[in-house]
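The block underneath contains the structure these notes are about, expressed in structure tokens.
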Amino acid sequence: MIKKLVLHPDRLFSSDENIRQVARVLYQKVKDLPIISPHGHTDPSWFSNNLAFENATELLIKPDHYVFRMLYSQGVALEDLGLSSQDTVDINKIKVETDSRKIWYILAKNYYLFRGTPSRMWLDTVFSEVFGFDVILCEETADHYYDTINAALATDAFKPRALFERFKIELLSTTESPLNSLADHKVINDSYWQGRVISAYRPDPVIDPEFEGFVSAIKTFGELTGEDTSTFSGYLAAHRNRRSYFKATGVTSTDHGHPTAKTADLPKAEIEALYAIVISGNSSPEQAELFRAHMLTEMAAMSIADGLVMQLHPGVSRNHNQDVFNRFGRDKGADIPVQTSYVEQLKPLLNKYGTNTELTLILFTLDETSYTRELAPLAGHYPCLRLGPPWWFHDSPEGMRRFRQQMTETAGFYNTVGFNDDTRAFLSIPARHDVARRMDCNWLAELVCDHRLELDEAEELAIELAYKLAKKAYKL
Amino acid sequence: MIKKLVLHPDRLFSSDENIRQVARVLYQKVKDLPIISPHGHTDPSWFSNNLAFENATELLIKPDHYVFRMLYSQGVALEDLGLSSQDTVDINKIKVETDSRKIWYILAKNYYLFRGTPSRMWLDTVFSEVFGFDVILCEETADHYYDTINAALATDAFKPRALFERFKIELLSTTESPLNSLADHKVINDSYWQGRVISAYRPDPVIDPEFEGFVSAIKTFGELTGEDTSTFSGYLAAHRNRRSYFKATGVTSTDHGHPTAKTADLPKAEIEALYAIVISGNSSPEQAELFRAHMLTEMAAMSIADGLVMQLHPGVSRNHNQDVFNRFGRDKGADIPVQTSYVEQLKPLLNKYGTNTELTLILFTLDETSYTRELAPLAGHYPCLRLGPPWWFHDSPEGMRRFRQQMTETAGFYNTVGFNDDTRAFLSIPARHDVARRMDCNWLAELVCDHRLELDEAEELAIELAYKLAKKAYKL
Amino acid sequence: MIKKLVLHPDRLFSSDENIRQVARVLYQKVKDLPIISPHGHTDPSWFSNNLAFENATELLIKPDHYVFRMLYSQGVALEDLGLSSQDTVDINKIKVETDSRKIWYILAKNYYLFRGTPSRMWLDTVFSEVFGFDVILCEETADHYYDTINAALATDAFKPRALFERFKIELLSTTESPLNSLADHKVINDSYWQGRVISAYRPDPVIDPEFEGFVSAIKTFGELTGEDTSTFSGYLAAHRNRRSYFKATGVTSTDHGHPTAKTADLPKAEIEALYAIVISGNSSPEQAELFRAHMLTEMAAMSIADGLVMQLHPGVSRNHNQDVFNRFGRDKGADIPVQTSYVEQLKPLLNKYGTNTELTLILFTLDETSYTRELAPLAGHYPCLRLGPPWWFHDSPEGMRRFRQQMTETAGFYNTVGFNDDTRAFLSIPARHDVARRMDCNWLAELVCDHRLELDEAEELAIELAYKLAKKAYKL
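Which chain is which? The protein sequence lines are A, B and C, in order.
Be aware that the first sequence starts at 340, since it is given in our numbering, and climbs by one per residue.
Be aware that the second sequence starts at 340, since it is given in our numbering, and climbs by one per residue.
Be aware that the third sequence starts at 340, since it is given in our numbering, and climbs by one per residue.
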């Protein structure tokens, strides 16, 4: 007999009856609030073109590195999941699977591997709430799932804009390079469709000397802006130009994905000399790091001038698996967090701009050891600092619990910024926000039940955490 | 309608009925025990002069960096809270507020920012239990609060000695520099008042070459003791002299606030040469660090000789906000913890004295990552080591929970030393001890309820944690 | 009146009734499963000779560093516990106690020190379930305990093989040096007794240039294998020879106890030159570290060839207490964990062999900060990696809880390998596995009760965690 798929209405709430009852009350206040998604990686062309998604495998497996990293860790070849660098036979002569149904079967057969992971929860929520399944995904139901999903995707109700509305998304932010024309965003802005899809200014490709194609990106950056990017002052002008261009399309934030949180404030002559080296393509790793560090401080200065909110996402060793990187490229589930420190590293930027209340700098981390030791104490002091939500591997029930348990007492609730889904998996957005809302309601319920908070305060806070704080922090 | 202020009798106890009932039983055993406060920063002149406190703002806001750091983090200028470096108009030409009532209003208006923080809990406890308020602090009640508090403070019942007695403080320790005459403590000792207020020997100003005024402090140290502090042996003799002076007034401990936990044991010629450099005022940061490190080992030797219990508080980046330091000075909420390691750093001291059962060295940390990895394993082995309670940012319900969860299994209960309030906020002392007693009772109740501990054992332990262990560890 | 000793049937289960009921159901499924003990340090001669254990003190105190480290930390001299380097009077002229009954009294008198520690739980379980005591250990019952235990040990039912069977141990692994003849294991294999006791290949003495006696061990290694260990290729051949020898006796794994997780992959000429230095006995600490690092990669290559599962146990500062090491030697409770990082350190090995599905590399840690930051992300990606259970100081209820809370969401359950007891304390093996089974059932019950997992899935997982995953990971 095939097992039923049931999403329990009390899922993620404590089994303690006192807490559960309060959590239910709080959740009722927030469950239907619109979604603010101020940081993520969906593809804006979905919403500009509004074409139907291709099929279950292309939509739910291939773009989701949470999904294929787990399958890969248990011995499934990435080729068997249809991943390939560029052609159908990779250099190791392993055939790349092209039959999407077969790939879907692999997920179905191995779905038990996701027990206890957030991916399981997100996928089940998508299956149940978006597609209406009432049986679980397994080998016996794989065809049923595959055919049903594909049939649905072919209908208008499952086109990107329709889903966007169905999901009650009030605002969705994507992330683009300064070199991006934002053509899709402009199409959306100029259309009759009311959906609000904005970008974020993500200058890593023209700030990180170790980014693939950095040298030529700097040239393009100059051409695009009409600025002389062979000089540092021209380069800064190019940033101002593109930030302004982004801002004019509705953008309210920048985003910086650096290996570390290091900042610097170099004297003029020094940074000009360093810039000459990095755009020559001959910088050492230390010089590249120093350039990135200095540029964070420059970005803060520009944020004070133009009002864009700054986000910093440090601390990942990207593409750790050299073989997978060589064959399949970036973003294949092989990014691993590393120890990240903030106190000394942020000092140059904070000494210069930390007390300026015009600046908002939202800090993220993958290193939870910095929660109580560094991030909460910093955010509980500096006026410019805010704490981004639990990120990536920590976007999970236990990750959210640790975040609140460890951040709240020193930083309070009001130095946090609500939830970010940070996802490429568009269909999972409501599921992810729902997990955050449930976990926050449960945490607030715990505080109510052991009398650290009054119920009316918890109700106010639940709405702040689910909706208001994100709007305020990101100036939306 | 103005909301009631109610301290729930079961606050901080688990909402699980089984645990809560046991916690209540345990709490009854300890709630009225006298307070041992073996480490803190209250002002001894309060108890020697016994003058009335000035007003609500001077008493509850201005000296409490927990309070103003949160307000500052959300954009309130320190000048608006009446803080100033020396005059009423600071260098940035921001007017310093002198109207204490207006400052009180800022706290009232922003009191919601403290939701979920221990400051909220301590303040509410002070409001309810010390001043008898039954409505919450908010804009509407700000005047009522301000006037009521000030009226109370003018009465004899709210003078320092009366409150000391009302709070059932058996022993209160302050912290003083070796250069301090301990005049206030002597007045207290010589008075008819029975309150026991002692100091702790805190030699940072004459041990840390990076302390403001170190070079002249060394000269004063010599003059005060009649020792020749131009030589290292004279300098050590000066320490022995002042330790003896402190001890004669009832002091039982020393306290050391170092940037790291580094210790060293230099050969005689080397430390003498290093001493000559540091007292010249020309030491490098590395030399300063090495001198502090060596001096911890010397302090341990002197503790074995004179019996003073040694406390080490490492791991803070002091005055992280340069602008705030320049304008407002030390202790303005801008001290941020940094990563701190103990295993290799304590080795020189432990190799020399670690097995000596005459030595007690109490270790504190702001870096919770050292709890299970370093501190519990070290304290569960070395006879001289004891674990100080969760400190500063971790003096909070969740901080206490993590401390017990992470320390107990490897170090046991008997290698810990009870609770320290470590506060300047005199009125909050009973509230802080009450939080610790409640959290410890709740933790013991959890152990009883999942059958890791018998109830009679938990009762014994509750008393140890609330009272006995502190008396024993600090030799009180 | 002497207190009863009662092991509560629900011990370690949550006091929340919902969770407790599910935990009970799950525990019923696993409590009687055979024990797989794939990693430990019992003495194989116990099972080859099958002689009676000597007495309570020799069996339960002297070999258990968990026990004597706690007593020592509270001021009990190791000599008073009968520990000695070689003779009855040590260099400090402290008499070494030889009266086992007196030593037993010390434990009885100080047994309260173990409150809240796993040792207390293991010992009480041994007392109750192995020896049938129904009163607690205390001064009043010390003689009763001592006499009863000794009387039991003299009977056939308490000989090692009988206990092995009574404990339902399906497989027990010890750990031996490559220089060990495995004579005891061969005796066991050749006997009529059905008990399965295998070894693990632990090459630290011939891989770690800083191991006592390394240079002569390399010579013996050559003699034993007939290989020329004066050359690196001969040295590698010697490893292959002994691995094969071990494997022929039933061994399925290797084990590596390194100071760090550093790996390296040196060019041929470089490693040959380095080998020449290390076998000369003149290597620097850096050279020793580099040699160990390279050898981990060589061991991985051999594991791919011969199928032995590889275990890495890094991150301990061994023999931290110099005085105790000088007087009493290794393994005296003075090993302290240190910060351990895996991401960059494992890269050379993983770049070479990480995608090879023939390799199994089980990672352990004493640094819990690596759980969410490094180990779970690594194991959730690399096909060769698996996560060893909470180790040593973390082999405890709270340690197990943190392990599951922090590992599961990113690595899932199927990248973990069940439980290892890792113990020298033979009698505690069932107690230790029982703690793990209870804690895992309780964790699964929590997931069921907040609807993250279905009950039938939890039942399957309980059996995986208690039994199947260990068999599979260790190829048993």
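All C-beta atoms in this analysis are idealised placements derived from N, C-alpha and C, irrespective of residue type, glycine included.
Check, Outcome
"Quick one: what's got a C-beta closer than 6 angstroms to His-659(C)'s C-beta in the same chain, skipping five residues either side?", "Ala-673, Ile-675"
"I need the straight-line Cα distance from His-633(A) to Glu-628(C), nearest angstrom please.", "35 angstroms"
"What three-state label does DSSP hand Ile-433(A) in the structure shown?", "coil"
"If the cut-off is 7 angstroms on Cβ atoms, which residues from the stretch 701-729 of chain C count as contacting chain B, listed in chain order?", "Leu-705, Asp-706, Glu-707, Thr-708"
"Can you have a look at Thr-747(B) and say buried or exposed, based on whether 16 or more other CB atoms are within 10 angstroms of its CB?", "buried"
"Please confirm whether any heavy atom of the ligand MG lies closer than 7 angstroms to the CB of Phe-752(A).", "With respect to small molecules bound, the structure shown includes none, and the ligand MG cannot be examined in it."
"Checking contacts by CB at 8 angstroms: is Thr-480(A) closer than that to chain B?", "no"
"List, in chain order, every chain C residue whose beta-carbon is nearer than 7 angstroms to that of Cys-477(B).", "Chain C residues near Cys-477(B): none, gap ~35 angstroms exceeds 7 angstroms."
"Roughly how far, in whole angstroms, is the beta-carbon of Arg-459(C) from the beta-carbon of Phe-466(C), given that I think they are within contact range, below 8 angstroms?", "Incorrect: roughly 10 angstroms between the Cβ atoms, too far for contact."
"Using only CA atoms, which one of Arg-776(A), Glu-793(A), Leu-804(A) lies nearest to Arg-363(A)?", "Arg-776(A)"
"Taking 8 angstroms as the CB-CB cut-off, is Thr-427(B) touching chain A?", "With a pLDDT of 46 at Thr-427(B), under the threshold of 50, the modelled position of this residue cannot be trusted, and the question is left open."
"Could you check the C-alpha separation between Asn-357(A) and Ser-354(B) for me, to the nearest Å?", "7 angstroms"
"Is Leu-688(C) near Thr-755(C), with beta carbons less than 8 angstroms apart?", "no"
"Residues of chain A with CB under 8 angstroms from Glu-748(C), in chain order?", "Gly-455, Thr-456, Pro-457, Phe-732, Ser-735, Pro-736, Glu-737, Gly-738"
"Ile-475(B) lies in the alpha helix (DSSP H); which residues open and close that run?", "Counting along the chain, Ile-475(B) falls outside any alpha helix (DSSP H), and DSSP gives it neither H nor E."
"Leaving out five residues on either side along the sequence, give the residues of the same chain with a beta carbon under 6 angstroms from the beta carbon of Leu-511(C).", "Ser-376, Val-536"
"Assign Thr-768(C) to one of three DSSP states: helix, strand, or coil.", "With the sequence shown as reference, residue 768(C) is identified as Ile, and Thr is not the correct amino acid for it. Note: Ile-768(C) maps to helix in three-state DSSP."
"Helix, strand or coil, according to DSSP, for His-659(B) in the structure here?", "coil"
"So with Cβ pairs under 8 angstroms, would you call Leu-305(A) a contact of chain C?", "Past the boundaries of the shown model lies residue 305(A); chain A is included only from 340 to 815, so the question cannot be answered."
"Would you verify that the beta carbon of Tyr-753(B) is, or is not, closer than 8 angstroms to some beta carbon of chain C?", "yes"
"Find the residues of chain C that neighbour Asn-781(B), judging by a C-beta separation of less than 9 angstroms, and give them in chain order.", "Correct list: empty, because the minimum Cβ distance to chain C is about 12 angstroms."
"Between His-347(C), Arg-791(C), Met-340(C), which lies nearest to His-790(B) when the distance is taken from Cα to Cα?", "His-347(C)"
"Residues of the stretch 558-582 of chain A in Cβ contact with chain B at a cutoff of 7 angstroms, in chain order, please.", "none"
"Helix, strand or coil for Val-677(A), going by three-state DSSP, please let me know.", "coil"
"Can you tell me whether DSSP reads Asp-761(A) as helix, strand or coil?", "coil"
"Rounded to whole angstroms, what's the CA-CA distance from Glu-504(C) to Asn-389(C)? Just pull it up for me.", "13 angstroms"
"From the DSSP output, in three-state form, read off Ser-412(A) for me.", "helix"
"Could you spell out where the beta strand (DSSP E) holding Leu-724(A) opens and where it closes?", "724-726"
"Apart from the five residues on each side of it in sequence, which residues of its chain come closer than 6 angstroms, Cβ to Cβ, to Gly-596(C)?", "Asp-543, His-652"
"According to DSSP, is Met-649(C) part of a helix, a strand, or is it coil?", "strand"
"What residues of chain A sit near Met-460(B), judged by a beta carbon separation below 8 angstroms?", "Arg-791"
"Exposed or buried, Asp-795(A), counting other C-beta atoms within 10 Å across all chains shown (16 or more means buried)?", "exposed"
"Roughly how many angstroms separate the alpha carbons of Leu-717(B) and Gly-573(A), rounded to a whole number?", "57 angstroms"
"So, using beta-carbon positions, are Gly-719(B) and Gly-751(B) closer together than 8 angstroms?", "yes"
"According to the Cβ coordinates, are Phe-470(B) and Ile-488(B) closer than 8 angstroms?", "yes"
"In this structure, how does DSSP classify Lys-540(C) when only helix, strand and coil are distinguished?", "The displayed chain sequence assigns Tyr, not Lys, to residue 540(C). Note: Tyr-540(C) maps to strand in three-state DSSP."
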